[in-house]
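Presented below is the structure to which this report refers.
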Amino acid sequence: MEKINYSELELPLPDLLSPSEILQEEHIKELYTLLPARAVGFPWTRIYSTSTDGFLLKTLYRKMTDFDCPVILIMQDTENAIFGALLSEPLKQSDGFYGTGETFLFTFHPSFKVFKWTGGNNFFINGRHDCFSIGVSEGHFGLWIDCDLYRGTSEQCQTFNNDTLASSRDFHIKTLEAWGFV
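Anchor point for the sequence shown: position 164 equals 164 in the UniProt record's numbering, and the numbering is continuous, going up by one each time.
Structural data, given as structure tokens:
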């Protein structure tokens with residue numbers, strides 16, 4: 001039996017219920033084929049955008065409280081690199097790590113690349129009052145963002161064995177969006 005390569009199928013693009021300043025058709029096509037089954041077939045709802053909601057982590061947390069679905073966090077840095085993460089559940093303030101192996105990191109810089117869970121640890125998502133992080137090992141964060149949603153860091157971590165996602169290890173965010181599937 002021949003294996004089907006879903007990334008080569010011409011799937012209809014999902015509906016975006018709001019415009020995006022970051023997502024282009026090519027990004028949507030790549031990400032859509034990687035969504036967990038429970039997110040496929042739903043329109044994409046923009047939960048948060050720094051352009052309309054401001055640059056504040058507590059606002060990002062508040063806007064996600066009504067959602068119970070996977071979330072795509074996508075951002076563009078000031079050097080125009082586009083990257084982010086698919087979170088198995090919405091961002092929230094937490095005392096420790098949460099989430100599942102559905103979580104992954106991705107980058108479109110310089111070309112599309114996905115970094116899935118390695119099984120090396122379960123440090124998926126951590127939402128603190130002053131920052132959030134996705135993946136970590138020995139103090140190195142796969143993706144770390146400050147409370148002003150402006151400064152970030154991306155380093156290789158055991159959770160995802162990822163490359164640096166942004167244009168450089170330390171970066172500044174130009175735009176950040178969060179998308180849910182409802």
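For each residue, glycine too, the CB sits at the ideal point set by N, CA and C.
Query                                                                                                                   : Result
Touch test, the stretch 57-74 against the stretch 84-91, Cβ-Cβ under 8 angstroms, three pairs minimum                   : yes
Residues near Leu176 by beta carbon distance below 6 angstroms, same chain, minus five either side                      : Thr50, Met75 and Leu149
Euclidean distance between Cα positions of Val40 and Ala85                                                              : 17 angstroms
Straight-line Cα distance separating Gly96 from Arg151                                                                  : 21 angstroms
Inter-residue Cα distance where the pair is Val182 and Ile72                                                            : 13 angstroms
Asp77 classed as buried or exposed, judged by whether at least 16 other C-beta atoms fall within 10 angstroms           : buried
One or two residues paired with Ser49 in a DSSP bridge                                                                  : Glu177
Beta strand (DSSP E) segment containing Thr107, residue limits                                                          : Phe104 to Thr107
Short Cβ contact (8 angstroms threshold) for Phe123 with Val114                                                         : no
Inter-residue CB distance, Leu57 and Cys147 (contact presumed, cutoff 8 angstroms)                                      : 4 angstroms
Distance CB(Asp47)-CB(Trp179) smaller than 8 angstroms                                                                  : First, the amino acid is wrong: residue 47 is Ile here, not Asp. Their beta carbons are under 8 angstroms apart, which means Ile47 touches Trp179 by this criterion.
Contacting residues, own chain, Cβ-Cβ under 6 angstroms from Trp44 (five flanking each side not counted)                : Pro14, Leu16 and Trp179
Nearest to Thr118 (by Cα), restricted to the options Phe171, Gly101, Ser154 and Pro110                                  : Gly101
Candidates Ile22, Pro12 and Ser18: closest to Phe108 by CA position                                                     : Ile22
Selected residue, minimal CA-CA separation from Gly170, among His140, Glu30 and Lys116                                  : A quick correction: the sequence has Asp, not Gly, at residue 170. The option with the nearest alpha carbon to Asp170 is His140.
N-terminal and C-terminal residue of the beta strand (DSSP E) that Leu86 is part of                                     : Ile82 to Leu87
Buried/exposed call for Ala37, threshold 16 Cβ in 10 Å                                                                  : exposed
Host beta strand (DSSP E) of Arg151 (start-end)                                                                         : Arg151 to Thr153
Other residues of its chain near Ser154: CB distance less than 6 angstroms, five sequence neighbours each side excluded : Leu143, Thr164, Leu165 and Ala166
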